[in-house]
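To start, the structure itself, in structure tokens.
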Amino acid sequence: MALHHLGDPLELDYVLKEMPGDVERVQAMIAAALQERGYSSDAMFAIRLCLEEALVNAFRHGNQFQAGLTVRLWGTISPNEVRVEVEDQGEGFDPGGVPDPTADENLEIPSGRGIMLMRAYMSEVEYLGPGNHVRMVFRREPK
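Laid out in structure tokens, this is it:
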């Protein structure tokens, strides 16, 4: 994949069929695009972590690792903003129904940590449709 000029937005549109192979390949391409556009190592870490959480959740919880089901990722990477959307073919879920992982009674339960991390690192996180589609936006701090 040839990377675009630094000022050009990079259009993303991938259909992922397997984990971890497709997830790792997409992550590597996105990391290269972020680096080319001058994103800091902290920003790259945050975006990669959130993207990995969204993709792994889509395969694991959304598609329940069912053969033949895919995960779609699309969006843009520009010098000042990253917009990504991830959609699985599962039934979806109610993000409001996920227990708060920081509550004392939930500290031993792994559920909900990915959503919490995505909301902490991204500028915007929104679940669409029946909960099988997440839109995330990361905005760079002005220099």
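Per numbering that gives the first Met the number 0, the very first residue in the sequence shown carries number 0; after that it's consecutive.
We treat Cβ as the ideally placed atom computed from N, Cα and C, and that holds for glycine.
Close-in-space but distant-in-sequence residues of the same chain around residue i (CB under 7 Å, 5 per side omitted)
i: T75; result: P8, L9, E10, L11, R82
i: M121; result: C49, M135, V136, F137
i: Q26; result: R47, L50, E51
Option nearest residue i by Cα separation, candidates the options
i: R139; options: Y38, A31, D99; result: Y38
i: N131; options: N56, M43, D99, A119; result: N56
i: F64; options: P19, E104, Y126, R112; result: P19
Rounded Cβ spacing between residue i and residue j (contact assumed at less than 8 Å)
i: I114; j: P94; result: 6 Å
i: L54; j: N62; result: With 8 Å as the limit, L54 and N62 do not qualify as a contact, their Cβ atoms being about 11 Å apart.
i: E52; j: L116; result: 6 Å
For residue i, the three-state DSSP class (helix, strand or coil)
i: L48; result: helix
i: E23; result: helix
i: Y38; result: coil
i: V55; result: helix
i: V133; result: strand
i: R118; result: helix
i: L33; result: helix
Rounded C-alpha distance that separates residue i from residue j
i: V14; j: L72; result: 6 Å
i: Q88; j: V97; result: 20 Å
i: V133; j: E23; result: 19 Å
i: E123; j: N79; result: 14 Å
i: E35; j: F44; result: 15 Å
i: P141; j: E90; result: 39 Å
i: S40; j: D99; result: 28 Å
i: L33; j: R59; result: 26 Å
i: E86; j: E104; result: 30 Å
i: V70; j: R112; result: 21 Å
i: A66; j: S77; result: 34 Å
Contacts around residue i, its chain only, beta-carbon distance under 6 Å, and the 5 residues preceding and following it disregarded
i: D21; result: L15
i: R118; result: V124
i: Y126; result: P94, V133
Close Cβ partners of residue i (< 8 Å) along its chain, the five nearest in sequence each way excluded
i: A30; result: M43, R47
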